[in-house]
Amino acid sequence: MVFAYAALGLVILLLAGDALVKGAVNVSLRLGVPALIVSLTIVAFGTSAPELLISVKAALDGVPGIALGNVIGSNTANVLLVLGVPALIAVMHTSEHDTRKSYVQMMLATAVFTALAFRGVFDLWAGLAMLAMLSVILWSQAREALAHRRNGAAADAAGDLEEPEGADPNMRWWKIALYLVLGLVGLPLGADLLVDSSTEIARMFGVPDTVIGLTLVALGTSMPELATTVMAAIRRQADVAIGNVIGSNLFNLLAIIGIAALIAPMEVDPALLRFDIWVMIASSVLLVPFVLMRRNLTRIWGVILSALYLVYIGIVLHG
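Each residue of the sequence shown is one higher than the last, beginning at 2 in this note's numbering.
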């Protein structure tokens with residue numbers, strides 16, 4: 002039953018996160034909040050809500066291995082799996098998109114996260130530092146986007162910025178409220194089920210909490226990103242997937258661990274410092290050809306990235 006509870010917790014998390022995003026996006030737009038601000042804040046926080054709730058719950062329960070393993074494992078999966086599998090379906094024309102600035106920001110966040118990890122604990126001061134860095138990045142992105150809009154660089158035919166995902170101008174207030182309630186109730190319930198059952202699985206098989214976080218929890222919370230990029234590849238619209246991965250990884254490092262560290266200090270498992278954090282860094286460096294050299298993500302690269310992820314999971318499980 003413990004595996005069924007873990008699966009149920011994951012499903013509840015994913016559905017509740019989607020409901021919260023839809024509800025929050027529509028109530029914000031109905032109240033007159035610009036689509037740009039909604040995209041940079043509510044959608045970003047909402048889509049990372051499952052990872053955030055898991056990390057907070059794990060920190061409060063005294064199992065920081067699941068919290069930290071979830072973020073490190075998710076970032077590794079986002080590059081190797083979430084980009085690798087869609088590339089097997091269709092070539093992603095990453096050369097047509099300039100994500101250099103976001104990539105540099107992600108690598109800086111990775112460096113800060115790694116430096117703080119080697120302190121041995123993510124505490125209040127570490128959390129404040131990471132959230133301060135995130136605030137600067139979001140402020141910079143907002144300024145750039147607003148300047149871009151003022152200069153008329155966006156296509157006029159697009160009618161300003163695209164509406165955030167889940168936006169429905171005709172959605173009724175009762176439906177918006179229902180989405181918000183389902184999200185706010187479902188997220189903590191799903192996080193509670195998944196963390197508790199994952200911890201129990203770890204105890205049953207004598208597997209460290211960190212390994213469960215790096216594999217089961219990380220892979221589960223990366224499923225929405227994987228499903229999205231796979232569908233985009235099928236529709237031959239996967240060109241911007243690399244930007245989504247960079248943004249997700251940046252948010253995972255700074256927001257999720259930053260907020261969790263404010264709630265409860267998290268000690269770092271030495272095993273993460275010896276191996277897994279370096280795999281996360283190496284997978285991030287693998288993006289250099291597609292970001293800085295403007296190479297396309299071909300099927301050959303899809304095979305390489307996907308195979309590397311399978312090898313990594315094998316090493317973690319049998320290490």
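All C-beta atoms in this analysis are idealised placements derived from N, C-alpha and C, irrespective of residue type, glycine included.
Remember, predicted model here, so these are calculated numbers, not experimental data.
Can you give me the Cβ contacts of residue i inside the same chain, cut-off strictly under 8 Å, excluding the 5 residues immediately before and after it?
i: ASP193; result: GLY10, LYS58
i: VAL186; result: ALA17
i: ALA159; result: Residue confidence is low: ALA159 scores 43 on pLDDT, short of 50, so the model does not pin down where it sits. No coordinate-derived value is stated.
Could you tell me the distance, in whole angstroms, from the CA atom of residue i to the CA atom of residue j?
i: ALA50; j: VAL28; result: 18 Å
i: VAL3; j: ASP210; result: 15 Å
i: THR100; j: ASN245; result: 10 Å
i: GLU145; j: LEU298; result: 27 Å
i: ALA91; j: SER284; result: 21 Å
i: LEU251; j: LEU139; result: 11 Å
i: LEU255; j: GLY315; result: 28 Å
i: VAL269; j: ARG31; result: 43 Å
i: VAL113; j: MET131; result: 8 Å
Looking only at its chain, what residues have a beta carbon closer than 7 Å to the beta carbon of residue i, apart from the 5 residues adjacent to it on each side?
i: PRO189; result: LEU54
i: ALA265; result: ALA60, LEU61
i: SER223; result: SER75, ALA78, ASN79, LEU82, VAL83
i: ALA242; result: LEU84, PRO87, MET93, THR230, ALA233
i: GLY221; result: LEU11
i: ILE13; result: GLY187, LEU190, GLY191, LEU194
i: ALA154; result: Caution is warranted here: a pLDDT of 48 is assigned to ALA154, below 50, making its placement in the model unreliable, and the coordinate value is therefore given only provisionally. Within the same chain, ALA154 has no close Cβ partners at all.
Would you call residue i buried or exposed, if buried means 16 or more other Cβ atoms sit within 10 Å of its Cβ?
i: ALA291; result: For clarity, residue 291 is Phe in the given sequence; the question names Ala instead. Label assigned to PHE291: buried.
i: MET108; result: buried
i: ASP260; result: For the sequence presented, residue 260 should be read as Ile rather than Asp. By the neighbour-count rule (16 or more Cβ atoms within 10 Å), ILE260 is buried.
i: VAL123; result: Strictly speaking, residue 123 in this sequence is Phe, with Val absent from that position. Under this definition PHE123 is a buried residue.
i: ALA116; result: exposed
i: VAL22; result: buried
i: LEU318; result: exposed
i: GLY66; result: buried
i: GLU141; result: Here residue 141 turns out to be Ser, not Glu, going by the sequence shown. Exposed, by the Cβ-count rule.
i: LEU135; result: buried
Who does residue i pair with in a DSSP beta bridge?
i: MET2; result: DSSP lists no partner for MET2.
i: VAL122; result: GLU268
i: LEU298; result: MET93
Excluding the five sequence neighbours on either side, which residues of its own chain have a C-beta within less than 6 Å of the C-beta of residue i, listed in chain order?
i: GLY303; result: GLY85, ALA88, LEU89
Does any residue of chain B bring its CB to less than 9 Å from the CB of residue i?
i: ALA130; result: Looking at the structure shown, chain B is missing, and only one protein chain is on hand.
Every unbroken alpha helix (DSSP H) within the segment 218-278, with a cutoff of 4 residues, ordered by chain
219-222, 224-235, 242-252, 258-264
Runs of 4 residues minimum, wholly inside the segment 49-73: which ones carry the alpha helix (DSSP H) assignment?
50-61
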